[in-house]
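Taken in order, these protein sequences are the chains called A and B.
Counting along the first sequence from 1, when you hit position 640 you're at 640 in our numbering, and nothing is skipped either side.
Take any residue in the second sequence, count from 1 to its spot, add 1000: that is its number in our numbering.
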Amino acid sequence: MSDEALHRALGLTDDEYALVEGVLGRAPNHLELAMFAVMWSEHCSYKSSRLHLRRLPTSAPQVLVGPGENAGVIDAGDGVAIALRIESHNHPSAIEPYQGAATGVGGILRDVFTMGARPLAVMDPLFFGPPDDARARWLVEGVVAGISGYGNSVGVPTIGGELTFDEGYAQNPLVNVLCVGALPRERLVLGRASGVGNLAVLLGSRTGRDGIGGVSVLASAGFAGADGAASLDEEKRPSVQVGDPYEEKRLIEACLGLLDEGLVVGIQDLGGAGLTCAASETAARGGVGMDVDVTAVPLREAGMAPWEVMTSESQERMLAIVRPEDLDAVAALCRRWEVRSAVVGRVTAPVSDAAGRPVGWLRVREGFDGPVLAETPAAALADDAPLYDRPRARPGDFAARLADDPADEPAGDVAAELLASLVDPAWVYRQYDSQLFLNTVVGPGRDAALLRLAGPGLPESERGFALTTDSNPRWCAIDPRAGTALTLLEGIANLACVGATPAAVVNCLNFGNPEHPEVMWQLGEAVDGLAEACRATGLPVIGGNVSLYNESGGRDIDPTPVLGVLGLVERLVAPPPGWTWREGDTVVLVGPREARPAPFPLAGSLFARRRGRTGGRLPEFDERALAACRLVASEVALACAGRATPVAAVHDVGAGGLATTLAEMSAAAGVGLEWRDPRGHAELFTEAPGRFVVATRDPAALLARAASAGVEATVLGVAAGDRLALGETCDLAVGDLAERRASALPAALGL
Amino acid sequence: MSRVGVVVFPGSNCEHDVVQALGALGGRAELVWHAETDLSGFDAVVLPGGFAHGDYLRPGALARFSPVMGAVAAFARAGGPVLGICNGFQVLTEAGLLPGALQKNRGLTFLCEPTTLVVASTRSVLTRTAALGAELVVPINHFAGSYVCDDSTYLALVERDQVVLRYRDNPNGSRGDIAGIANEAGNVVGLMPHPERAFSALLGSADGRVLLEGFLASADDAAAARVDLVAAP
């Protein structure tokens, strides 16, 4: 194969090949070409999205580390810092669901302990096609089993996530994973090399041929899909890595031990693009060079070519930068944890270029003093990928779409509509260890997870933190800008239900093919919507991930920005109120009863989606809703601190609308409610976020606090009896709601 | 004060939780690396939950060969209190310190959920301070927690009062709803549920305390006996 043909096979365009020639001042050899191909892949370089991501606000007083490092870090108080990261593992999971999902968990954990943080919890937002055929069920069961099999064994609790079924994900499921970790503030480590003469030590698994080209072949191209050449997709299976949670567990303990003992000056995980990425990024960040001896890398199989060693994505590996005098201590600590360690490189001094600027060179050698096989400025690989401002085009039907309001849809059978919205995801989360470390106060299945901020090696604290992941592709398909902003509001409302004040945001932007101008428009709009909502709420974005080429058979997925929102609770000594109201409680809607501009918008609701209506105007990002979030958060925080509050139960209004929220609370309590005067089906099923159903034994106090906070509060009724009656149109037995909710998911999966 | 050793195999993951819960109840617990061969100085031993040696081959099958297990067996033979929680229970059965075995759950999925346990015997180092017939809400967290044994073993367990905890609503298919058993002397106990995860109402249940307190009392008794031995002429 000629080099021109080779670069295309590796995923580089002709223009990109010319750029590589410009950087090197000569034609690249095969090894160099392979290294540029993986580092300049969409997955590693964000070449299509970086231009847009710059518009996100990233600073706030609590931010210690913003985007660009392995994880974002904030100061949580009491000398504790929290690290947060979100990733996608969409394409590997579509090809091999168990290993794809498992290695997604493994990769995100390494990103977090690379910062010096002990991983404390994981969340998994999952999106599949309807589970009514064998392949869809294979994907669901495989992904869940992979998360369970890896996460439980590696010893990090999985505390929540999301589960969405929609036709658009049938061929291209989305498997996102978020990890949060905590560390003593002063132990923060950054993934950079420093100190000329220091050693680069490869820790963990041996390197094999698995996952070669994962970032370029797999993650940066679409699928042929059901109608295309499915056999071609099958051939991508060897690009999926295989995970070993036992190796990872020992690697975590060894690395945290090395950091505790101060034995490493920098550390970096090997993820996408493998050793090439770790070596070039640590060198580029440190402004130094690095020599890598490719023959010193412990191999899983004989006869691997240098380009295979340098681009393999074999799992459970870390690159540590170590002072030569500490090498023996590092090796001894690794031996204790049965973790392999090998010196594979050394830090070299930067060399002045023609203009007198210092340039750190990454050299791949055969033996430390042997011949140079590849030679390039480290920063050229890590930072100098081309930046694309790809064409963006607003879809031609955008105005017509917004005008197509589903308000004219007849109500239909309201009771049946409500029952169809009740799905308990317990079948999924029962398979996850959600309790390890004795931190989980509110686990999966509720509005947000709430944990004690505690762990081995952390300073004592009574603080807590809350996490939620949110997305709404139904909103974002209509209007990605407004939809993404509302998604952040939904996340803030979820945090409020467990008493948490939002502190930071991470985002995983799952979109279709960036070469389609409409997809790039969606991406730009979503970024702007998030930026606007962050500015309105003062929240920083501290990290993110972009997953493009989510398409199959020529069809792009609906825009699916997933937001992870981290919240803090000042004092967590008592569990917050849950969903369970009691007989005699007054049930109050807290927050604006009517949205704007339309009072009860159905655009983007489940109600509209079931009727094939995918247009209309979304509710505004509402200041009144934010005020309701603040009120609820502060009241629930009182309960967390062991103090009195009139809030006895709380749940926010989300998918399926107010009717679904009331049904879920009735089912949890086993106690019904009669709400006499909903204003038609639109009020029951509108999903405008930032509204809460609160149950109270002291309605006067609750209404007074709402009034003084300037928050609207509407009494719906009194919890009683064993039926949920919503106006004239819906009257259901509470037992049936509970039964339907519990059985919906197993029934859908045919279990 | 008594000292409790909490054994850490590579792949264990509940060791810090056990230390934390015992510490919150006034006990003194310390981690013991699996390569250790000497348990003298400890008054009780816990094998915590997790995935010792990755659970490769089968849960507990490799851990029984860890160097520490010889000392654990000797400690048990000498009457010292030994508690195996979840993976620790699996290790104790593989090591032959408790009868029977733990198979994959009925339903073949991992289960992490609260269960209601019924105290079936108080004749053990774990259940000694609990009330017979009391119901305790304690979570399970396992893939292979279905207790199995042959008929004669089961009859012997029942006859000798060795079944210490049963599930009220059997979650995993365990024979006779067994959640935990003791050896004949009552000093070695294994159970699949995690009492350390139920030591505080903040975490959803404090029902595990009575079990951990019973175990700490057993450790204190062992310490007192040891002091007597040392003090004897």
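The beta carbon of each residue, even a glycine, is placed where N, CA and C say it ideally should be.
Can you tell me which residues form a DSSP beta bridge with residue i?
i, result
"glutamate 1113 of chain B", "B:Ile1140"
"proline 1059 of chain B", "BP columns for proline 1059 of chain B are empty, so no partner."
"tyrosine 1167 of chain B", "B:Leu1117"
"threonine 586 of chain A", "A:Thr696, A:Val718"
"valine 498 of chain A", "Answer is none; valine 498 of chain A lacks a bridge partner."
"tyrosine 1147 of chain B", "B:Leu1102"
"threonine 469 of chain A", "A:Gly564"
"glycine 545 of chain A", "Here the sequence assigns asparagine to residue 545 of chain A, which means glycine is not the residue at that position. Bridge partners of asparagine 545 of chain A: A:Cys508."
"arginine 446 of chain A", "In the DSSP output, where bridge partners are listed per residue, arginine 446 of chain A has none listed."
"cysteine 640 of chain A", "Per DSSP, none; premise fails for cysteine 640 of chain A."
"serine 45 of chain A", "For serine 45 of chain A, which the question treats as bridged, DSSP gives no partner whatsoever."
"alanine 733 of chain A", "A:Arg723"
Pull up the distance between the alpha-carbon of residue i and that of residue j, whole angstroms please.
i, j, result
"proline 689 of chain A", "glycine 654 of chain A", "6 Å"
"leucine 726 of chain A", "valine 671 of chain A", "14 Å"
"alanine 1024 of chain B", "leucine 1212 of chain B", "10 Å"
"methionine 290 of chain A", "alanine 200 of chain A", "8 Å"
"leucine 572 of chain A", "proline 619 of chain A", "34 Å"
"glycine 1084 of chain B", "glycine 1180 of chain B", "10 Å"
"alanine 771 of chain A", "arginine 555 of chain A", "Residue 771 of chain A lies beyond the range of chain A shown here (1 to 751); nothing can be said about it."
"alanine 411 of chain A", "glycine 680 of chain A", "8 Å"
"alanine 230 of chain A", "tyrosine 150 of chain A", "Annotation note: pLDDT 46 at alanine 230 of chain A (below 50); position unreliable, no value reported."
"valine 1265 of chain B", "arginine 336 of chain A", "Given that chain B is displayed from residue 1001 to residue 1233, the structure contains no residue 1265 of chain B and the question cannot be resolved."
"arginine 50 of chain A", "cysteine 44 of chain A", "11 Å"
"serine 1002 of chain B", "proline 1048 of chain B", "18 Å"
"tyrosine 17 of chain A", "leucine 419 of chain A", "56 Å"
"aspartate 622 of chain A", "leucine 190 of chain A", "39 Å"
"glycine 656 of chain A", "serine 605 of chain A", "7 Å"
"glycine 544 of chain A", "threonine 487 of chain A", "15 Å"
"alanine 254 of chain A", "phenylalanine 1065 of chain B", "22 Å"
"arginine 582 of chain A", "arginine 1168 of chain B", "26 Å"
"leucine 319 of chain A", "alanine 342 of chain A", "10 Å"
Nearest to residue i by CA position, among the options, is which residue?
i, options, result
"histidine 1142 of chain B", "B:Ala1073, B:Leu1216, B:Ser1174", "B:Ser1174"
"glutamine 522 of chain A", "A:Arg394, A:Asn472, A:Leu251", "A:Arg394"
"leucine 299 of chain A", "A:Arg209, A:Val177, A:Asn198, A:Gly104", "A:Arg209"
"leucine 1108 of chain B", "B:Ser1146, B:Tyr1167, B:Tyr1056, B:Met1192", "B:Ser1146"
"leucine 1165 of chain B", "B:Leu1191, B:Ala1156, B:Asp1150, B:Asn1172", "B:Leu1191"
"arginine 593 of chain A", "A:Arg691, A:Ala667, A:Phe685, A:Leu174", "A:Arg691"
"alanine 76 of chain A", "A:Pro561, A:Ala134, A:Gly197, A:Glu462", "A:Glu462"
"glutamate 32 of chain A", "A:Glu42, A:Tyr46, A:Leu6, A:Ser48", "A:Leu6"
"glutamate 739 of chain A", "A:Ala668, A:Val498, A:Gln171", "A:Ala668"
"alanine 644 of chain A", "A:Glu683, A:Ala701, A:Gly612, A:Ala595", "A:Ala701"
"leucine 453 of chain A", "A:Gly710, A:Pro119, A:Pro67, A:Pro699", "A:Pro119"
"arginine 192 of chain A", "A:Pro540, A:Glu247, A:Arg285, A:Arg613", "A:Arg285"
"serine 1218 of chain B", "B:Arg1209, B:Val1148, B:Arg1128, B:Gly1204", "B:Arg1128"
Cβ atoms of residue j and residue i: under 8 Å apart, would you say?
i, j, result
"histidine 1053 of chain B", "phenylalanine 1110 of chain B", "no"
"valine 265 of chain A", "leucine 202 of chain A", "no"
"proline 425 of chain A", "glycine 445 of chain A", "yes"
"alanine 733 of chain A", "leucine 673 of chain A", "no"
"leucine 56 of chain A", "leucine 530 of chain A", "yes"
"aspartate 470 of chain A", "asparagine 507 of chain A", "no"
"cysteine 497 of chain A", "aspartate 652 of chain A", "yes"
"glycine 160 of chain A", "leucine 467 of chain A", "yes"
"threonine 440 of chain A", "leucine 451 of chain A", "yes"
Quick check on residue i: buried or exposed, where buried means 16 or more other Cβ atoms within 10 Å of its Cβ?
i, result
"alanine 276 of chain A", "Before going on, a small fix: residue 276 of chain A reads as threonine here, not alanine. Classification for threonine 276 of chain A: buried."
"leucine 387 of chain A", "exposed"
"glycine 1060 of chain B", "buried"
"methionine 123 of chain A", "buried"
"leucine 372 of chain A", "The residue asked about is misnamed: residue 372 of chain A is valine in this sequence, not leucine. Exposed, by the Cβ-count rule."
"proline 350 of chain A", "buried"
"serine 708 of chain A", "exposed"
"arginine 54 of chain A", "exposed"
"proline 1067 of chain B", "exposed"
"tryptophan 307 of chain A", "buried"
Legend entry - Chain-ordered residues of the stretch 1017–1028 of chain B with a beta carbon less than 8 Å from chain D: No chain D is present in this structure, whose protein chains are A and B.
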